[in-house]
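Position 7 of the sequence shown, counting from 1, maps to 7 under full-length UniProt numbering, and the rest follow consecutively. The beta-carbon is built from N, C-alpha and C at its ideal position, and this holds for glycine as well. Just so we're clear, the structure is a prediction, and the values are computed from it rather than from any experiment.
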Amino acid sequence: MGTEKMAFLDAKVINDIYCPNACVGRSNLRCMAGGYPDPNNCAVCRCPEGLGGADCSRLQPSTCGGELHATDQWQTLNSPPGKDVRCYWRISVPDGSRVRFRLSDGEFPCSYGCQSYVEIKHKLDIRLTGFRR
């Protein structure tokens, strides 16, 4: 598993098995990006890591990060140093475009599990764990 926190899809599978009809007929909530109604509170969505808002259409609140439109020029993303810092960026590109990443600096202290990393979610299904470094 590699981490102390349960993966989003693992939690969804467990909820689908043990609470399959918890929100049926109780909520008209439409969760985006693979999110699903929280079986403990059908008025809110459980969203994949990095997304938030009432319907998972917004970035998860964080102290850094934001929306970025990729261009043909290199752009720099910075994350403040420190423990337990989470930054979420959503990078948009025109259809058919490619994005290149270069990780030029970073300190990732050794620890039990995978707690310090940069993750790039590169698939259309952002529920899936992306590349981690």
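Apart from sequence neighbours up to five positions away, the residues of its chain that approach G65 with a beta-carbon distance below 7 Å are L59, C87, Y88 and W89, ordered along the chain.
Rounded to whole angstroms, the gap between the alpha carbons of V118 and G53 is 23 Å.
In the three-state reduction of the DSSP assignment, V44 falls in the strand class, which pools E and B. When C-alpha distances from R46 are compared across A70, P94, S116 and C23, the shortest belongs to C23. For the pair D72 and G96, the Cα-to-Cα distance works out to about 14 Å. For K121 and L51, the gap between their C-alpha atoms comes out near 12 Å.
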